[in-house]
Ligand code: AMP
Ligand code: GLY
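Numbering (this note's numbering), first residue to last: 1 to 421.
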């Protein structure tokens, strides 16, 4: 079958790497891809937000199945457009992707169906929002309703910070239309955990646990990023917690979405707070985590294409997911300066040597091939991922591979996985 993957990050490289191993995959394309994806798929220069361009490519190349990596095209309705022309796709429709695209939508759904989450209120007018903050007091959390590239959540220690957050989101419109509405909610206290399930509209299958590190510096210090590394399994997600999350959060959400006439299909990625009362939902994402997907794909023993197709075709009730026993760990190498301003164009050497190490895959994120050289072309650039008998062993292998790479323009954290070790 002919498969098209949408996206250009490490997540999409990991998905392409896993799909390419399937005997059912005859031809694999990726739009727009990167220099690493180019080694396992045919990359085509179509932007992820060019839905017309994607639809034209699918028709012209008789693509059978489209796997959508990032949230942007999901929220924009790519899966709906593909449905209309009878092309199978992995990922939710625009209506179902509201679980990520609108925090207000998700909070209202949780309230209506009794799904545990922080107490909240939603506002489309700054004065009313500030009045609510005055009554509630701090600490409190202020969020832009829509997609804000992971920057739309402001944790406020006092009321003045919360008023400033309202000004930033609603009055200054720092996130544009995404901040036309704000959600204000109680600060939850506990340990955070990520939870992933595959959902086919009716059935949800939990995936192995994976956890990222958001802060840019060692010890989880410094500003937040898209993720500086990830590991799987994550000890916080025990079997008992998995059962509770499935029973109290994931399955009720799946039933709620079906009841609302917008059945959810794709990966459902829940950000959770494990409070003293139990797991509570912080937020949903409608896609795999990046970089969490990279260690997950290295641990996947089942055929990845089969898995994604079973999800798209509503056959998860009969699908048996299999995983390797090994742990996996991914170290993100970023361009000096990230998550602030960074330079593009520095050359990366030693990729072959790193890949020669046993059980190591260097997934590419922001890379470009220029006259036979691989150069940095983004903030997060490489995702050095390794398997090992334990998270500690996987960590050792991943950092051995990092040491072999020769990229003076890059940096990484030196402690990925510390919570699990
Ligand atoms: P996001 O950028 O949407 O992934 O969320 C940012 C982070 O804000 C989460 O990972 C949590 O650490 C934190 N957060 C969001 N909402 C709450 C809340 N109600 N209570 C405590 N922390 C929160
Ligand atoms: N690593 C966090 C995310 O994918 O949202």
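From the three backbone atoms N, C-alpha and C, an ideal C-beta is built for every residue, glycine too.
Report, in whole angstroms, the separation of the C-beta atoms of residue i and residue j, which I expect to be a contact under 8 Å.
i	j	result
residue 381	residue 417	So it is not a contact: roughly 20 Å between Cβ atoms.
residue 100	residue 71	5 Å
residue 249	residue 279	6 Å
residue 192	residue 296	About 18 Å; that fails the 8 Å criterion.
residue 184	residue 129	6 Å
residue 22	residue 198	Residue 22 to residue 198, Cβ: 16 Å. No contact.
residue 344	residue 310	In fact, because the Cβ distance is near 39 Å, the residues do not count as touching under 8 Å.
residue 333	residue 384	6 Å
residue 58	residue 30	Wrong, their Cβ atoms sit about 13 Å apart, outside the cutoff.
residue 138	residue 159	5 Å
residue 432	residue 405	Residue numbering for the chain in the displayed model covers 1 to 421; residue 432 lies beyond these limits and cannot be assessed.
residue 212	residue 415	Contact flag wrong, Cβ pair sits at about 13 Å.
What residue range does the alpha helix (DSSP H) around residue i cover?
i	result
residue 53	51-60
residue 426	Residue 426 is absent from the structure shown; the chain starts at 1 and stops at 421.
residue 105	103-113
residue 80	78-84
residue 351	351-356
residue 396	391-404
residue 19	10-20
residue 71	71-75
residue 299	293-299
residue 305	304-312
Between the Cα of residue i and the Cα atoms of the options, which residue gives the shortest distance?
i	options	result
residue 290	15, 198 and 1	15
residue 124	117, 110, 140 and 146	146
residue 260	342, 24 and 95	95
residue 141	357, 39, 130 and 153	153
residue 234	61, 292, 243 and 255	292
residue 313	203, 245 and 389	203
residue 242	228, 210, 372 and 287	210
residue 196	60, 339, 414 and 265	265
residue 331	322, 277, 387 and 323	387
residue 106	349, 262, 338 and 356	262
residue 370	348, 49, 253 and 214	348
Report whether the distance from the Cβ of residue i to the nearest heavy atom of ligand 1 is below 8 Å.
i	result
residue 189	yes
residue 133	no
residue 216	no
residue 99	no
residue 282	yes
residue 378	no
residue 229	no
residue 118	yes
residue 185	yes
residue 72	no
residue 112	no
residue 158	no
residue 278	no
residue 107	no
residue 143	yes
residue 224	yes
residue 423	Because the chain is modelled from 1 through 421, residue 423 falls outside the range shown and cannot be assessed.
residue 192	yes
residue 152	yes
residue 179	no
residue 388	no
residue 271	yes
Can you tell me where the beta strand (DSSP E) with residue i in it begins and where it stops?
i	result
residue 132	That residue, residue 132, is in no beta strand (DSSP E); its alpha helix (DSSP H) goes 126-136.
residue 32	27-32
residue 275	265-275
residue 262	Segment: none, residue 262 is in no beta strand (DSSP E) and carries neither H nor E.
residue 327	327-335
residue 412	No beta strand (DSSP E) contains residue 412, which DSSP labels as neither H nor E.
residue 281	278-285
residue 65	65-68
residue 373	373-376
residue 344	No beta strand (DSSP E) contains residue 344, which DSSP labels as neither H nor E.
residue 155	153-156
residue 216	215-217
residue 222	221-224
Please tell me whether residue i has its Cβ less than 9 Å away from any Cβ of chain D.
i	result
residue 348	The displayed structure is made up of one protein chain only, and chain D is not part of it.
What are the partner residues of residue i, as DSSP defines its beta bridges?
i	result
residue 170	None, per the DSSP bridge assignment.
residue 206	197
residue 184	121 and 142
residue 364	382
residue 229	331
residue 93	Its beta-bridge partners do not exist; DSSP assigns none.
residue 426	No statement about residue 426 is possible, as the shown extent of the chain runs from 1 to 421 and does not include it.
residue 211	231
residue 388	327
Distance cut 5 Å, beta-carbon to ligand 3 heavy atom: residue list by chain order = Inclusion of ligand 3 in the displayed structure is not the case, the ligand content consisting of ligand 1 and ligand 2 alone.
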